[in-house]
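Chains as they are written, first to last, in my numbering: chain L, 1 to 122; chain W, 1 to 240.
Glycine included, C-beta positions come from ideal geometry on N, C-alpha and C.
Okay, structure first, notes after.
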């Protein structure tokens, strides 16, 4: 049972975090994600990298929060990150919906004005 | 006195001409504004075939709230004194409109709601499940604004200039009818109800049906409570 080489997961975690950060970086560079929406992704990517480099951080955080099993602290941070990013999306979507509604209304009103003017000039 | 009848229409090709006819017959002086919320049927062509109505076409479907708000914006831009909201599905009756106009013309209030439940009459009163929901809105809204509004979901309403300018900026778009009752009342607009009769819709389907009723009720209650805890809006900056 206890024959796991715990160093192994650390290497995977470091590699995973770096690949993740590079992936986000490329997406931003290629303008697939706007800078302002990449901040949360990059922030949590860096946190994961730090945690994988210094495992003590996770253990100390678990002690501080009273978590018996340190990986749970990791999952807690992960869920927190996902929540924050999803909330950000809800805000962005609500904002877009409002702006879309305003645009559709404005186009409708303007089209009517244009038609009215065309009729007058005929 | 310039009066605009705002008629939101979504897939109402079978009803809309009758609606225009009845409004026109009732009073040819009224301007009728049909707002087509990107219908998938022939509503737009049917409306444009008659010259008795002004037609605004929305290029994307934005829902009843945004559609009616387009009407308020039109009314504000063209300096109308009164706007009447009148459904495009034929359930509202044109000769009931003067009843809604009277309190506004005589300066008794800012908003008039045509209510099916104010006086017990034989007209159409919706299905049993919906009446239950309507009762709950009645109770909640009455507690929140300290005034008993019997028909919070009625879309048969009249607004004076002040109220329509206010709503052209901040009309709620999710569940506009019950939400706007709270919004208007909280911001100091005086609401009055008059008893009106309504018909069952003749053609087409209502926008809310079946199981959606329950979800609708929960969503509306949430929206109502949110509206009631929002700070009052200053006229100049009420655009979210």
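So, are the CB atoms of residue i and residue j less than 9 Å apart?
| i | j | result |
| --- | --- | --- |
| residue 48 of chain L | residue 20 of chain L | yes |
| residue 224 of chain W | residue 144 of chain W | yes |
| residue 110 of chain W | residue 1 of chain W | no |
| residue 90 of chain W | residue 151 of chain W | no |
| residue 80 of chain L | residue 70 of chain L | no |
| residue 191 of chain W | residue 129 of chain W | no |
| residue 100 of chain W | residue 163 of chain W | no |
| residue 116 of chain W | residue 195 of chain W | yes |
| residue 94 of chain W | residue 25 of chain W | yes |
| residue 40 of chain L | residue 88 of chain L | yes |
Hey, how far is the Cα of residue i from the Cα of residue j?
| i | j | result |
| --- | --- | --- |
| residue 48 of chain W | residue 193 of chain W | 34 Å |
| residue 66 of chain L | residue 73 of chain L | 10 Å |
| residue 240 of chain W | residue 227 of chain W | Annotation note: pLDDT 42 at residue 240 of chain W (below 50); position unreliable, no value reported. |
| residue 37 of chain W | residue 22 of chain W | 21 Å |
| residue 137 of chain W | residue 156 of chain W | 17 Å |
| residue 63 of chain L | residue 31 of chain L | 41 Å |
| residue 25 of chain L | residue 38 of chain L | 8 Å |
| residue 90 of chain L | residue 29 of chain L | 24 Å |
| residue 105 of chain L | residue 140 of chain W | 32 Å |
| residue 63 of chain W | residue 10 of chain L | 52 Å |
| residue 54 of chain L | residue 36 of chain L | 28 Å |
| residue 112 of chain W | residue 189 of chain W | 11 Å |
| residue 237 of chain W | residue 99 of chain L | Its pLDDT being 49, under 50, residue 237 of chain W is placed unreliably by the model, and the measurement read from it follows with that caveat. Rounded to the nearest angstrom, the two C-alpha atoms are 16 Å apart. |
| residue 1 of chain L | residue 68 of chain L | Bear in mind that a pLDDT of 48 at residue 1 of chain L, under 50, signals an unreliable position, so the number given afterwards is only what the model happens to contain. Between residue 1 of chain L and residue 68 of chain L, the C-alpha separation is close to 19 Å. |
| residue 10 of chain W | residue 88 of chain W | 8 Å |
| residue 220 of chain W | residue 76 of chain L | 33 Å |
| residue 135 of chain W | residue 102 of chain L | 33 Å |
| residue 35 of chain W | residue 86 of chain W | 11 Å |
| residue 104 of chain W | residue 230 of chain W | 27 Å |
| residue 122 of chain L | residue 142 of chain W | 54 Å |
| residue 146 of chain W | residue 222 of chain W | 18 Å |
| residue 119 of chain W | residue 83 of chain W | 25 Å |
| residue 216 of chain W | residue 8 of chain L | 52 Å |
| residue 56 of chain L | residue 96 of chain L | 42 Å |
| residue 82 of chain L | residue 39 of chain W | 38 Å |
| residue 42 of chain W | residue 85 of chain L | 42 Å |
| residue 71 of chain W | residue 120 of chain L | 22 Å |
| residue 6 of chain L | residue 12 of chain L | 10 Å |
| residue 113 of chain L | residue 45 of chain W | 18 Å |
| residue 121 of chain W | residue 118 of chain L | 49 Å |
| residue 102 of chain W | residue 94 of chain L | 39 Å |
Give me the Cβ distance between residue i and residue j, rounded to the nearest whole Å; I'm assuming they're in contact under 8 Å.
| i | j | result |
| --- | --- | --- |
| residue 197 of chain W | residue 96 of chain W | 7 Å |
| residue 126 of chain L | residue 52 of chain L | The displayed coordinates of chain L run from 1 to 122. Any statement about residue 126 of chain L would go beyond what the structure contains. |
| residue 65 of chain W | residue 176 of chain W | 4 Å |
Thinking just about the alpha-carbon of each residue, which of the options is nearest to the one in residue i?
| i | options | result |
| --- | --- | --- |
| residue 218 of chain W | W:52, W:133, W:70, W:40 | W:133 |
| residue 13 of chain W | W:50, W:26, W:29 | W:50 |
| residue 68 of chain W | W:121, W:173, W:25, W:181 | W:173 |
| residue 52 of chain W | W:140, W:118, W:29 | W:29 |
| residue 115 of chain L | W:46, W:54, W:130 | W:54 |
| residue 98 of chain W | W:27, W:127, W:229 | W:27 |
| residue 181 of chain W | W:127, W:154, W:118, W:213 | W:154 |
| residue 32 of chain W | W:10, W:40, W:17, W:41 | W:17 |
| residue 107 of chain W | W:46, W:160, W:84 | W:160 |
| residue 126 of chain W | W:231, W:34, W:213, W:83 | W:213 |
| residue 34 of chain L | L:117, L:92, L:119 | L:92 |
| residue 50 of chain L | L:17, L:6, L:118, L:8 | L:17 |
| residue 46 of chain L | L:117, L:56, L:78 | L:78 |
| residue 92 of chain W | W:171, W:15, W:216, W:215 | W:15 |
Residue i: beta carbon under 8 Å from a heavy atom of the ligand FAD?
| i | result |
| --- | --- |
| residue 34 of chain W | As for the ligand FAD, it is missing from this structure, which has no ligand bound. |
- contact_flag[the segment 71 to 89 of chain W, the segment 3 to 19 of chain W] where n(CB pairs < 8 Å) is 3 or more: yes
- Query: Should the segment 102 to 115 of chain L be called in touch with the segment 177 to 185 of chain W, which here means at least 3 C-beta pairs below 8 Å?
  - Reply: no
- Inspect the CB distances between the segment 53 to 60 of chain W and the segment 155 to 174 of chain W and report whether three or more fall short of 8 Å. no
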